[in-house]
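The next block holds one structure in the form of structure tokens; read it before the comments.
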Ligand code: HEC
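Numbering (this note's numbering), first residue to last: 3 to 144.
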């Protein structure tokens, strides 16, 4: 019985790992490609480009995971990031060094950003709806 359990646990662990991506690989990819513009965790705390949101800030947003899941379709990335079999929606010439990410890479990045301690972006006095006082009170945030 315990052997069967161990076997099942093993299968579960492997399939979960496959589905969830590899955080270490995601970290490496983020440090190589994304840290040129974004602050990526502790890797380049004082780096990145000032006007570009940090990974911590992004992942702390209500829909942070969603933003990372399809970041390649979100401005400004389509100009310089391609995904195999995903048509580019812009004809803009790449103004930053272009690179390609695979769906597997994206799962890896997602696994990595989940490990970052999320900053409570919502408490910052921003103009967007997620920064509204009513929303914060409704969600039990201060
Ligand atoms: C050449 C600079 C540059 C590189 C390289 C870059 N980004 Fe970005 N990224 C930006 C800028 C600028 C924004 C903010 C866009 C805005 O607010 O309109 C952004 C926004 C984002 C967002 C939020 C998008 C949204 O619509 O809210 C995510 C998620 C993101 N980047 C992930 C990544 C990941 C993952 C990588 C690496 C694989 C990466 N970026 C590489 C410049 C870059």
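Beta carbons are placed, not taken as given, at the ideal position from N, Cα and C, and that holds for glycine.
- For residue 70, the uninterrupted alpha helix (DSSP H) segment begins and ends at 66-71.
- Checking the DSSP bridge columns, you'll see residue 83 partnered with 101.
- The beta carbon of residue 22 sits closer than 8 angstroms to the beta carbons of 109, 112, 113 from its chain, once the five residues preceding and following it are set aside; these are given in chain order.
- Comparing alpha-carbon positions, the option among 46, 91, 95 lying closest to residue 74 turns out to be 91.
- When DSSP states are grouped into helix, strand and coil, residue 115 belongs to the helix group.
- 57 is the residue among 57, 40, 51, 31 whose C-alpha sits nearest the C-alpha of residue 118.
- Of all alpha-carbon atoms in 41, 104, 82, the one lying nearest the alpha-carbon of residue 95 is that of 82.
- For residue 60, the enclosing alpha helix (DSSP H) starts and ends at 57-61.
- CA-CA distance, residue 79 to residue 104, rounds to 14 angstroms.
- In this structure, residue 103 has its beta carbon less than 7 angstroms from a heavy atom of ligand 1.
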